[in-house]
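Notes for the one structure printed next.
Residue numbers (my numbering): 6 to 558.
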């Protein structure tokens, strides 16, 4: 891809994150926890006032009549009714937790944050669908023009654009035969135009994730900690749903999370990358490769792709939580690797992503060869940066003639992560947050990366990164900074090449460095790219080094 195309590519990437947040939002919490920060719980006053609307899909006619007979100002009677309502649905009576209420109210809080359309989220068509079916049934999202028929063959009800949620109908029998649910956009609201969708307590309880979670808690009520909207039992607990024997991946997670013991039947390497996401969150990209020596490349006795499973648990560091860790999300994604993928020794760099709030996390994870049950596990600590804070102001004497005052939290000028690639391709399919990609997937882009940061002598090296903590010009609402890239011999300050100084006005950078044009580059040598940033708004400056090597001939 030519350099003059880079600006448009980065714009497309940002546009995808701006317009495509609904799926990322909807998939937070899939498969066992929150993909992002937990939506704030409702205040008790709101719950009391709106209770009839919040549970409208799941209460009985008799319960509705009883509630209607309670005087509006009879607060104690209402609270007693609410207590009885939840207790009658508790799958583990006699324990401290009420899993039914826990899952339902987490979904309610989510709809209020992400599905409100000028009214409470639980009253919207998208919110109602999410309440009953949860995040685990959502696999992808697309937008269609509201002209002609939809892919489901149903007529379009309104002019404008339609939002289509593609479904994993194996997650709930009430969705049998349904491949998608469509919402027609009209002004600022979305109306469901896909018919035949059951919205009831029976459909809620039939969800695989919900029913498995309830069964697991009945089998071992003390095993689970905080969970997300419709989650299954987290790996590392001492029982599985229905009391079935734990699978090898669950046993591996028990050893890792309880005893810190890793398995190394498979050799896995990993690294993180980050880019800004809406609502103060950060899109976190987890890159990894797997050693091929432990993989089984066969299918039904014949040579074929290796069938693998990526699994794990993401926990946020929280001093108020048990053991200082708050359970956030369970990972369990099957994928395949073709024998021709990657090199003779390792697979290509694969990736999966999640949108989560800034903070410190621990990802306990692994990869299993499904055929041989060979497993590799590891603990990976990560700090998710905050791209939403204001820039930290420089001292007044640095900014000539300006009295600079910083109020509230701020971000130091920094580059939290750099994606280094040898190729880049723009994709047209929606990003699936429950998929392992064979390249580094960043919104609408797939990049060819490698964990070793090793490149051929004549390759073009691509850098993709986002700068944190830049000042904003109050007049233009743009950044303004000077940017320089240098190539250094590794471990020294010896510069062998310098790209021209650039004056930039946006925090996203996609930079090509054609190694073939750098005469002093030698095969079999280690180098560093030095990125220099001087912020013209705040006067701050920062430097960031990224190591790479040039493969031998």
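Every residue gets a Cβ at the ideal spot worked out from N, C-alpha and C, and that includes glycine.
Tell me where the beta strand (DSSP E) around residue i begins and ends.
i: residue 509; result: 507-509
i: residue 332; result: 330-342
i: residue 472; result: From DSSP, residue 472 is part of no beta strand (DSSP E); its letter is neither H nor E.
i: residue 52; result: Looking at the DSSP string, residue 52 is not in any beta strand (DSSP E); the run it does join, the alpha helix (DSSP H), is 49-59.
i: residue 388; result: 380-389
i: residue 431; result: 428-431
i: residue 515; result: 513-519
Measure from the alpha carbon of residue i to the alpha carbon of each residue in the options, then state which is nearest.
i: residue 538; options: 555, 505 and 255; result: 505
i: residue 203; options: 180, 281 and 194; result: 180
i: residue 442; options: 121, 134 and 341; result: 341
i: residue 458; options: 507, 533, 499 and 523; result: 533
i: residue 366; options: 335, 372 and 323; result: 323
i: residue 433; options: 423, 425 and 450; result: 450
i: residue 531; options: 556, 509 and 523; result: 556
i: residue 167; options: 182, 186 and 338; result: 186
i: residue 312; options: 279, 264 and 376; result: 376
i: residue 496; options: 60, 552 and 475; result: 552
i: residue 390; options: 348, 525, 474 and 332; result: 474
i: residue 501; options: 397, 127, 291 and 527; result: 527
i: residue 134; options: 100, 172 and 104; result: 172
i: residue 439; options: 417, 291 and 492; result: 291
i: residue 494; options: 508, 523 and 436; result: 523
i: residue 535; options: 509, 48 and 490; result: 490
i: residue 286; options: 392, 310 and 253; result: 392
Where do the ends of the alpha helix (DSSP H) carrying residue i lie?
i: residue 262; result: 253-264
i: residue 137; result: 130-138
i: residue 113; result: 104-119
i: residue 210; result: 206-211
i: residue 72; result: 66-74
Return the bridge partner residues of residue i from the DSSP annotation.
i: residue 195; result: 190
i: residue 491; result: 503 and 535
i: residue 320; result: 332 and 367
i: residue 292; result: 276 and 356
i: residue 446; result: 451
i: residue 83; result: DSSP output for residue 83 lists no bridge partner at all.
i: residue 549; result: 536
i: residue 423; result: 470
i: residue 312; result: 341
i: residue 281; result: 287
Determine contact between the stretch 71-78 and the stretch 189-209, defined as no fewer than three beta-carbon pairs at a distance below 8 Å.
no
Would you check if there are 3 or more beta carbon pairs closer than 8 Å linking the stretch 361-381 to the stretch 483-491?
Contact between the stretch 361-381 and the stretch 483-491 is absent, with fewer than three C-beta pairs closer than 8 Å.
Does the count of Cβ pairs from the stretch 181-191 and the stretch 206-217 closer than 8 Å reach three?
no
State whether the stretch 508-522 contacts the stretch 464-477, with contact taken as three or more CB pairs (one from each stretch) at a distance under 8 Å.
Result yes; three or more Cβ-Cβ pairs closer than 8 Å.
Does the stretch 251-258 come into contact with the stretch 309-323, if we say contact requires no fewer than three beta-carbon pairs (one atom in each stretch) closer than 8 Å?
yes
Please determine if the stretch 112-121 and the stretch 134-151 are in contact, where contact requires at least 3 C-beta pairs separated by less than 8 Å.
yes
Touching by the beta-carbon criterion (3+ pairs, under 8 Å), the stretch 46-57 and the stretch 78-93:
Because the criterion of three Cβ pairs below 8 Å is met, the stretch 46-57 and the stretch 78-93 touch.
For the stretch 277-284 and the stretch 328-336, state whether three or more C-beta atom pairs, one from each stretch, are separated by less than 8 Å.
no
Does the count of Cβ pairs from the stretch 214-223 and the stretch 92-108 closer than 8 Å reach three?
yes
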